[in-house]
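If you count the sequence shown from 1, you need to add 1 to reach my numbering.
Backbone N, C-alpha and C define an ideal beta-carbon position, used for all residues, glycine too.
Beneath this line is the structure, given in structure tokens, with notes to follow.
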Amino acid sequence: MIQAEDNATSANTNQGDDNDRNDTLDATKRKRYEDYLVTICCVFNFFADSIELITPGIITQSVSCELELSTTHETILTVAFYVSMLVSSIITNVIADMIARRTLILLSTYAAVVVTVLCATVPNFTTLLLSRILLGTTVAVNYIIVSVYA
2 MIQAEDNATS ANTNQGDDND RNDTLDATKR KRYEDYLVTI CCVFNFFADS
52 IELITPGIIT QSVSCELELS TTHETILTVA FYVSMLVSSI ITNVIADMIA
102 RRTLILLSTY AAVVVTVLCA TVPNFTTLLL SRILLGTTVA VNYIIVSVYA
């Protein structure tokens, strides 16, 4: 009788070990998937932000014709982009300590997509200036976090 109880207990223990092992495997697979997703996001951010860094000179010429901007306005757009990158790169690590780095990468990527669409559809100089400042912020956050995370 005692032997039957021991066998039943050992069978339950083995079944519990198998469930724990399966849960661990599922968690490992999920972790790998999340790592791949973040890696792809980091690569995308790096290339997209690299393109964004070289485009202010190209964009401002075509936008100045469409919105009838002066050279002073073109200069303000370019300087505002880089100053917002400078300021946000200083405070990015403080924000990254409060929020998880993965979350910050994903949030800044989504924000960059939204702000880029906003930049493409602006009706006037003020909106373009604000959207370029926001885009500079997202680019800086992406660069700082991706270079630290990767």
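Item, Value
"Can you confirm whether the region 27 to 44 touches the region 88 to 97 when touching is taken to mean that 3 or more C-beta pairs between the two stretches lie within less than 8 Å?", "no"
"Measuring only the C-alpha atoms, how far is Val44 from Thr76?", "30 Å"
"State the start and end residues of the unbroken alpha helix (DSSP H) segment that holds Val115.", "102 to 121"
"Counting C-beta neighbours from all protein chains within 10 Å, is the total for Ala5 16 or more, i.e. buried, or is it exposed?", "Confidence at Ala5 is low in this model, with a pLDDT of 49, below 50, so the placement of that residue is unreliable and no value is reported for it."
"Using the beta-carbon count (16 or more within 10 Å), is Ile106 buried or exposed?", "buried"
"Taking the alpha carbon of Thr117 as the reference point, which residue from Met86, Leu136, Thr72, Thr61 has its own alpha carbon closest?", "Leu136"
"Let's test the definition: count the other Cβ atoms within 10 Å of the Cβ of Ser132 and tell me whether it reaches 16, buried, or not, exposed.", "buried"
"Can you tell me the Cα-Cα spacing of Ala9 and Asp98, whole angstroms?", "Only weak support is given to the placement of Ala9: the predicted model assigns it a pLDDT of 48, under 50, and the question is left unresolved by the model."
"If you measure between the beta carbons of Asp50 and Val140, is that distance less than 8 Å?", "yes"
"With respect to the alpha helix (DSSP H) encompassing Glu75, which residues constitute its N-terminal and C-terminal limits?", "72 to 99"
"To the nearest angstrom, report how far apart Cys42 and Thr110 are at their CA atoms.", "8 Å"
"Are the CB atoms of Ile1 and Arg102 nearer to each other than 8 Å?", "The question about residue 1 has no answer, for the chain in this structure spans 2 to 151."
"Can you tell me whether Glu35 is helix, strand or coil according to DSSP?", "helix"
"Nearest-angstrom Cα distance between Cys120 and Phe82?", "12 Å"
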